[in-house]
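Right, one structure below, let's go through it.
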Amino acid sequence: MGPADLRMITMTYWGFDGRPHTGKMVINKSVAGQVVSVFKKLYGQRFPIRRMQPVEVYKGSDDASMAADNTSAFNCRRVGTSGTWSQHAYGLAIDVNTRENPYIHPYPGGTVDPPNAKDYVRRPLDRPGVINPGDKVVRAFEKIGWVWGGSWSTSKDYQHFSQNGQ
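To convert a position in the sequence shown, counted from 1, into my numbering, add 287.
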């Protein structure tokens, strides 16, 4: 994925403090308009977002970005130890409110990422910034044809939305 295929978009979002904030997200240029439409809809519904910064602010560390409860898209990284490029490496996946919407590993004892998100594993969960099955966030992404990681059968990635469902 070359820089010419990516776009830095600036969007206004509602913070957990009930005030509007401005954030930045790096996304594939082919989906930039669709992504803006989703976040415009979420803004209109006052869905809170903790922060929205490119992963470069965290020196490319997915762990640091997740621990900060950051909403982001592009990150040149692989899927775990598989060697396969993540959809984030193509700018075709977004993680939203990573603490409120953790990733639960599929293996026995399923650890939680980020580690500070253990109180947010159960779904449905009625707390600010949490994404639940069929809610307004899931519907907004479904409207542009994206798939929610919370609907996966093996692991649960409640923060993750992607164009191809991976």
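Beta carbons are placed, not taken as given, at the ideal position from N, Cα and C, and that holds for glycine.
Rounded to whole angstroms, the gap between the alpha carbons of residue 416 and residue 326 is 13 Å.
Inter-segment contact for the stretch 343-350 and the stretch 418-428 is absent: fewer than three beta-carbon pairs are separated by less than 8 Å.
Within 10 angstroms of the beta-carbon of residue 310 lie 16 or more other beta-carbons, which makes it buried. Within the DSSP secondary-structure output, residue 299 pairs in a beta bridge with 309. Around the beta carbon of residue 332, fewer than 16 other beta carbons sit within 10 angstroms, so the residue counts as exposed. Judged by DSSP in its simplified three-state form, residue 375 adopts helix. Residue 324 is not bridged by DSSP to any residue. Under the Cβ criterion (8 Å, minimum of three pairs), the stretch 389-396 does not count as touching the stretch 304-324.
Within the stretch 390-453, the complete alpha helix (DSSP H) segments of 4 residues or longer fall at 423-430, listed in chain order. Beta-carbon to beta-carbon, residue 356 and residue 338 are separated by about 7 Å, close enough to satisfy the 8 Å threshold.
By the beta-carbon neighbour count (other beta carbons within 10 angstroms, threshold 16), residue 358 is buried. According to DSSP, residue 382 shares a beta bridge with 359 and 447. Here residue 341 is not bridged, per DSSP, to any residue.
Looking from the CA of residue 354, the closest CA among 374, 428 and 402 belongs to 402. Contact annotation: residue 360 and residue 336 have beta-carbon atoms that are not nearer than 8 Å. The C-alpha of residue 437 lies about 23 Å from the C-alpha of residue 340.
According to DSSP, residue 335 shares a beta bridge with 301.
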